[in-house]
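**Student:** If you read the protein sequences in the order shown, they are chains F and D. Numbered by this note's numbering, the letters in the first sequence go through residues 23 to 445 in order. Numbered by this note's numbering, the letters in the second sequence go through residues 95 to 232 in order.
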Amino acid sequence: METVTFYSYKGGSGRSLLLANAAQFLALAGKRVVALDLDLEAPGLHYKLRTGEPAQRSLNFIPDRGVVDYLLRSVGTAPPESVADYVLSVAMPPGSAALWLMPAGAAPSGTYWKGLTALAHHGLLGDTDSDAIATFLELQALLAEELQADFLLIDARTGITELGGIATTLLADKVVSLLLDNPESLAGTRAVLRSIAQAVRLDDQAPVEVIPVLSRVREANETAERRVISFLNEPGASPAETLSLHRLFVLEDDPYLARSEHVLLDGSLDAVTSALGMGYLGVMRHLFPSVTGSRANVFRRQEAVRQVQQWLSWRFAWGAPVSSGAFEHGLRVPISSDDAYSPVRYVDLALFLDPSRSIPFVVAEYIDDPDDLADSDAWTWWQRNVQLNQVVLFARDVDGRLMTRRFVRAADGSLNEKGAESG
Amino acid sequence: MTVDELNMLVTEAILRADALADLDSPTAAEAYLEVSLIEERLAVALPASDVEGAIARRGAVRAADIAGEHDRARDLATRYLAEEDGSPELREEIMTLIDERERSFGARYPHVAARFGLVEIARVTRALVKQGAPFPVG
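1. For D292 (chain F), does the three-state DSSP call read helix, strand or coil?
2. Please state whether the Cβ-Cβ distance between E247 (chain F) and L265 (chain F) is less than 8 Å.
3. Using a beta-carbon distance cut-off of less than 9 Å, what residues from the stretch 165-198 of chain F approach chain D?
4. With a cut-off of 8 Å, does the C-beta of D225 (chain F) fall near any C-beta of chain D?
5. In the DSSP assignment, find the alpha helix (DSSP H) that holds V218 (chain D) and state where it starts and stops.
6. Give the interface partners of I155 (chain F) over in chain D, defined as CB-CB distance under 9 Å, in chain order.
7. Check whether the Cβ of A163 (chain F) lies closer than 8 Å to any Cβ atom in chain D.
8. With 7 Å as the C-beta to C-beta threshold (strictly closer), list the residues of the stretch 210-234 of chain F near chain D in chain order.
9. L136 (chain D) and A150 (chain D) look like a contact to me (Cβ under 8 Å); what is the Cβ gap, rounded to whole Å?
10. Measure the C-alpha to C-alpha separation of V239 (chain F) and N204 (chain F) and round it to an integer number of angstroms.
11. With three or more beta-carbon pairs closer than 8 Å as the criterion, would you say the stretch 103-115 of chain D touches the stretch 128-148 of chain D?
12. Looking at the unbroken alpha helix (DSSP H) that takes in S217 (chain F), where does it start and where does it end?
13. Give the residues of chain D in contact with A100 (chain F), contact being defined as C-beta atoms less than 8 Å apart.
14. Counting only Cβ pairs nearer than 9 Å, list the residues of chain F close to R209 (chain D).
15. For L110 (chain F) and R156 (chain D), I'd like the C-alpha separation in whole angstroms.
16. Since S130 (chain D) is in the beta strand (DSSP E), which residue starts that stretch and which ends it?
17. Under 8 Å by Cβ, that's how I've got F383 (chain F) and E350 (chain F) pegged, so tell me the actual separation to the nearest angstrom.
18. What does the Cβ neighbour count give for A433 (chain F), buried or exposed, with the cut at 16 atoms within 10 Å?
19. What distance in whole Å lies between the Cβ atoms of L410 (chain F) and A400 (chain F), which are believed to be in contact at a cut-off of 8 Å?
20. What runs of the alpha helix (DSSP H), each 4 residues or longer, lie entirely inside the stretch 118-180 of chain F?
21. Could you check if L60 (chain F) is buried or exposed, using at least 16 other CB atoms within 10 Å of its CB as the buried criterion?
22. May I ask you to list the residues that DSSP assigns as paired with E350 (chain F)?
23. Roughly how far, in whole angstroms, is the beta-carbon of L170 (chain D) from the beta-carbon of A154 (chain D), given that I think they are within contact range, below 8 Å?
24. Could you name the residues of the same chain whose beta carbon sits closer than 7 Å to that of R367 (chain F), not counting the 5 residues immediately before and after it, in chain order?
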């Protein structure tokens, strides 16, 4: 398992969002991923990586438990033997590899803050003693073994903290360091990166690879990028502390995504034509060279979902396009609307026309293999959800054309196909 | 330094270390390391066959272990186990001390014990304590 820690000296750099994108990207490309929220003082990864369950799509969703509860169980005794109770399965399309989230805990809540205070008292927030270090290393090993993860992505706390130190120097194989183009972020980041380069490592660990990412850039500008990388690489007090970073990655500012905290690489928007999306992909290509061969499949799906969204927004427009806010991506919808314990099924896209958003009006599922589109009986599942109006199954043929099958609910309650469409 | 002077010093050091440990003081580990160093000096001065010499050897290993200096504890143990004049009881006590610590660490952190071992974790911990900050300070 490879561990990548996402760190930023200052907040507001889009660190967690980049991590969420990396996690989705890897899972879509078939890699098993665990996202670990170690930003314990201000956790929020669970807002970006969602399980898609109806109850958990609300803004008020609070995970049951997470890292803090795992650590509290470890106080004065052996850590739990299983992480199963502390991780959530993030909604991903069929065909993707599993993506788990280990949230910080039941945050935000009083119970969570009390737990955090108790941990600090027990010295388990990364204090430099053998037990604290061993506890985090044991957790890392357990996630690798039990979940058979290919990648562990850690969201580290900003600034200088004990836990941030462990996450970037002892747990990480690579550190993605996000920085902003302002004096305090640049100076602080350089000091920390110089430090990480000299940090103590365990016996069989290679030196940490650092990947600097300049984020929230108004407009990509080579002069500014050269200035930043030159500043980071300025000679330090000794050769050991001088950085030799060859490349600076750039993420352009996108106020819409920053506000909505939208995960771009989940098939919902066209990453290929968005400047921020291209920036994300540049980082992914460098970070995960072994998975870039699978990118074509990720793009095929993304593009298909985007096209279906456009198509649906016009189909239900009645004169004006349905706003993008009426759509949700990557969620789990109950098969039956009248059974509280109904199983749920993943959909790539759902269109909600009622403000309560309890039941989608249309659900759309991407079928990986275009040959399976004709035989797919996915729509039969949805027969039971009588509030659903339409089901769209879609795929791409070998020439890249979008193929769809659309089922519309008839007056007698059955879902009937409206004829195959392609184009 | 004479054996008597070392004995006085070690008594004071033990009382101080125990008091600091009772107070949950972060400097308790350093105090136990001091105890281990003095006991080691006593062990040099006294043969393993001597009752006081055996006590010093046990104390040196045990205090190093409490201080979190696990590789030091193991080095001392290895050295004392190799001494020909040590009694079987002393050997067994030293072996038990080391085994117990490693067994307990292995039971709590099976993956970490298998991959890195207690001594390696102790080495890194010491380096972090010495560095005095979450990140090395230049």
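Ideal Cβ placement from N, Cα and C applies to all residues, glycine included. These numbers come from a predicted model, not from an experiment.
**Tutor:** According to the data block:
1. Residue placement at D292 (chain F) is poorly supported in this model, since its pLDDT is 48, which falls under 50; the coordinates are not used for a value here.
2. no
3. A166, E167, I182, T183, E184, L185, G186, G187, I188, T190, T191 and L192
4. yes
5. L212 to Q225
6. V206, I215, V218, T219 and L222
7. yes
8. V214, R216, S217, I218, Q220, A221, V222, L224 and D225
9. 4 Å
10. 11 Å
11. yes
12. P205 to A219
13. A201, R202 and Y203
14. L159, A163, L224, D225 and D226
15. 44 Å
16. Here S130 (chain D) belongs to no beta strand (DSSP E); instead the alpha helix (DSSP H) covers A122 to A139.
17. Not a contact, Cβ separation roughly 12 Å.
18. exposed
19. 12 Å between Cβ atoms; not a contact.
20. 132-143 and 152-169
21. buried
22. F:A372
23. 5 Å
24. R354, V355, I357 and W403
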